[in-house]
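Sequence order for the protein chains is A and B.
Using the numbering used here, the first residue of the first sequence is number -15, and each one after it goes up by one.
Using the numbering used here, the first residue of the second sequence is number -15, and each one after it goes up by one.
Think of the CB as a built atom: it goes at the ideal place given N, C-alpha and C, for glycine as much as any other residue.
Notes follow the structure.
Number of protein chains: 2
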Amino acid sequence: MRRRQETPGLVPGVLAEYGALTRAAVERYLPAGEPRRYLYDLVTDYPRRGGKAMRPSLCLATACAFGARPEEALFAAALIELLHNATLIHDDIEDESEMRRGRPVLHHLHGVPLALNAGNSLALLSLRPLLEGQGQLGPGLLLRILKETVRTTRELAEGQALELGWRRDNVVGLGDADYFEMVLKKTGWLGMIFPTLAGALVGTRDPQLPLAPFVRFGFFFGAAFQIRDDVLNLVADGRYGKERDGDLWEGKRTLILIHLLGQAAPAERERIAAFLGQPRAARREADVRWLRRQIDRYGSLDYALGMAGGLAGAARHEYSQIYGGLNDGRDKRFVLELITWSLLRDA
Amino acid sequence: MRRRQETPGLVPGVLAEYGALTRAAVERYLPAGEPRRYLYDLVTDYPRRGGKAMRPSLCLATACAFGARPEEALFAAALIELLHNATLIHDDIEDESEMRRGRPVLHHLHGVPLALNAGNSLALLSLRPLLEGQGQLGPGLLLRILKETVRTTRELAEGQALELGWRRDNVVGLGDADYFEMVLKKTGWLGMIFPTLAGALVGTRDPQLPLAPFVRFGFFFGAAFQIRDDVLNLVADGRYGKERDGDLWEGKRTLILIHLLGQAAPAERERIAAFLGQPRAARREADVRWLRRQIDRYGSLDYALGMAGGLAGAARHEYSQIYGGLNDGRDKRFVLELITWSLLRDA
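If you want it as structure tokens, here you go:
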């Protein structure tokens, strides 16, 4: 077990400030009407459990770094947070997860049918902040953000399809490039690319702003962030909010597991493949513990952390391409520090 | 078993013509890229199984009745058909259905996780026809149609939540009004209200067109249509495409079942409630047959069909409010004949 590391600097304060702004904005879009018991109690559950608010903070900080006020980008922050929570509901069903932000997953509380339906409701609700009262954006900017939202959900579904398909067919011959493609779509797009692009669109008011620099930045940052997340899943203490070793129980194709499969001796590799080929319910605690020990034995955690460090360096380079020419200030520095913070965080 | 009834008139020809137009348009929006096996093969499955194309035909005919050409409303017809197919994927999971358009449901072919994810992908894909190349609509009309799309998905989720919640909690004390509220949201909104409103918006080019007349028309028409669908489920021959008596196996709260529960003697009512309280897998063929006999004994089918006839009459009245002042022509007559056709159809 690793010890808690210090994460000094701007990040915790800005996350707290922008997180509070976002939560208040999200509340305004959560429906209060009927049917409450079968729908809106479920729809509002995950958004109210709270989270790090990293995605909306990245959006608000980028908008401000490009010269806007936080309130001008708040609709985009709310959109991002609502969409993120909608994907969590469906991902938890698809991944057969058990815990989310320290509580049982929604479909364990209400059953799969009602949880699935609530996820749909929340996903479409995420468009409300964009469609209601954003007249001052102008139609060009509004439609561009809408198109990027649709693009983001397309990437999300593609990334999730890859990960689920690999598990369903028990694919064990994956390389790092497969992992990075999946993570770009599943983590990078909604986590980093869309928030920074949306923030920059609000800040610049330029509907023609090119997408490519944000894809590069978000790819490196997102991959570094996700690898840290995968590591935390295996070393986390109580503050993590998901089940410890959940990724192993779920058979998730993390960079760590891909490294282990590439390094393990043939007999071990076969045993891992047999473990991964079982339905979740058939997996045994002893096998999960054995798998966890092989990860340490083959240095797969260290490999993954080393890779994350390199990716963070590339993300800092891409950061300078987007933010380098802007006036210095708290928001600009926050984005840079967030890259380092995401590698050091312990929850 | 009822015999096939003749459905003469305009309807089959117009459905064939507008259905072919819509299918060709839908094809243009279905993705051809990767990941094919884990995503886009699934996304394209239901849309290519074909259907009656009633919803998109209603949209195209309404647009033409209001003076547009079919091509001008084709984006809306494609949107409706894609969204309809997306909801079918998720509904089949939530309802534990087995057959769809004569073939096994998607989640039986690929598993729940990949099917759920494909449904998400298809739902967001449905916005593509609206967002790509509809510049000639103008931003006001485009945003209005987008808002009505989001409203429609909200109503769909509310209707589905009611129906699923009633089943999960084995609610047996429902009245006709509960059924009509659920059907307005679940069937009327995407099936009739949105298609006719979208068609009229394209035809009139008036972003301020009031919603209310379309809600009234779609409510009566949708309820009549859904009751016929519920009846067909219990009397259908091979052309129906879903499993015979599937609604009884699924424990669906149809008007027929609600009538039976209201009419049955206390001991029978108790037996029905016990049957409905079981998980689907525990239900036995003999019980389904017994339930089916009670429906005949208490005249619940005839009650439902009588109600459908009255609703269709009300729909014809509301039709005259919307279409009455328009120039006579094939498209205007088609919408009127569709109401009658939907009561006589046998598939």
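query                                                                                                                                                  : result
Who are the near neighbours of L114/B in its chain, counting only those whose CB is closer than 8 Å to its CB and skipping five residues on each side? : F59, A60, L63, L126, I129, L130, T133
Is it true that the CB of R21/A sits closer than 9 Å to the CB of G159/B?                                                                              : no
Show which residues of chain A have a CB atom less than 7 Å away from the CB atom of Y22/B.                                                            : A145, L146, L148, G149
Please report how far the alpha carbon of G(-7)/A lies from the alpha carbon of Y13/B, in whole angstroms.                                             : 47 Å
What residues in its chain sit with their C-beta under 8 Å from that of L285/B, if we drop five residues either side in the sequence?                  : V215, L218, V219, I240, I279
By the three-class DSSP mapping on this structure, what secondary structure does P179/A have?                                                          : helix
Taking V134/B as the query, report the chain A residues whose CB atoms sit under 9 Å from its CB, ordered along the chain.                             : L108, L109, L111, R112, L115
Which residues in chain B have a C-beta closer than 9 Å to the C-beta of K236/A? List them in chain order.                                             : Going along chain B, no residue has its Cβ under 9 Å from K236/A, so there is no contact; the nearest lies around 12 Å.
Please report the distance separating the alpha-carbon of F318/A from that of E65/A.                                                                   : 19 Å
Compare the Cα-Cα distances from M166/B to each of E147/B, I177/B, A184/B, N154/B and report the closest residue.                                      : E147/B
I want to verify the contact list: residues of chain B whose CB lies under 7 Å from the CB of A141/A, in sequence order.                               : L23, N101, N104, S105
Hey, could you find the ends of the alpha helix (DSSP H) V319/B is sitting in?                                                                         : 314 to 328
Can you check which of these residues, E55/B, I77/B, W274/B, Q144/B, is closest to Y24/A by C-alpha distance?                                          : Q144/B
Considering only their Cβ atoms, is the gap separating R152/A from L106/B smaller than 9 Å?                                                            : no
Provide the residue span of the alpha helix (DSSP H) that contains Y13/A, from first to last.                                                          : -5 to 13
Tell me whether R32/A sits in a helix, a strand or coil according to DSSP, three-state version.                                                        : helix
Buried or exposed for D190/B, please, with buried defined as at least 16 other CB atoms from any protein chain shown within 10 angstroms of its CB.    : exposed
Name the chain A residues that come within less than 7 Å of G95/B, Cβ to Cβ?                                                                           : R152
Considering only their Cβ atoms, is the gap separating L140/B from T71/B smaller than 9 Å?                                                             : yes
Quick check: the Cα distance between G313/B and Y307/B, rounded to an integer number of angstroms?                                                     : 11 Å
Helix, strand or coil: how does DSSP classify P19/B here?                                                                                              : coil
Are the C-beta of R(-12)/A and some C-beta of chain B separated by less than 9 Å?                                                                      : Its pLDDT being 47, under 50, R(-12)/A is placed unreliably in this model, and the coordinates cannot settle the point.
If L100/B sits next to E78/A, beta carbons under 8 Å apart, how far is it from one beta carbon to the other, in whole angstroms?                       : 6 Å
Can you list, in chain order, the residues of its chain whose CB lies under 6 Å from that of L108/A, leaving out five sequence neighbours each side?   : none
Any idea if R87/A is buried or exposed, counting beta-carbon neighbours within 10 angstroms, 16 or more meaning buried?                                : exposed
Measuring only between beta-carbons, confirm whether L126/A sits less than 9 Å from chain B.                                                           : yes
Between the Cα of K236/B and the Cα atoms of E252/B, Q210/B, H301/B, E254/B, which residue gives the shortest distance?                                : Q210/B
When the cut-off is 9 Å and only beta carbons count, does R138/A lie next to chain B?                                                                  : yes
Indicate whether at least one CB of chain A lies closer than 9 Å to the CB of I77/B.                                                                   : yes
Flag this pair as yes or no: are the beta carbons of I323/B and A299/B separated by less than 9 Å?                                                     : yes
Starting from the Cα of R267/B, find the closest Cα among R39/B, H91/B, F204/B, W233/B and give me that residue.                                       : W233/B
At the level of alpha carbons, what is the spacing between R332/B and G35/A?                                                                           : Here chain B has residues from -15 to 331 only, and residue 332/B is not among them.
Mind reading off the beta-carbon distance from L295/A to A208/A? Whole number of angstroms is fine, and I expect it under 8 Å.                         : 4 Å
9 Å is my cut-off, CB to CB: does K131/B come that close to chain A?                                                                                   : yes
Assign P191/A to one of three DSSP states: helix, strand, or coil.                                                                                     : coil
For P19/B, which residues in chain A fall below 8 Å Cβ to Cβ?                                                                                          : E142, A145, L146, G149
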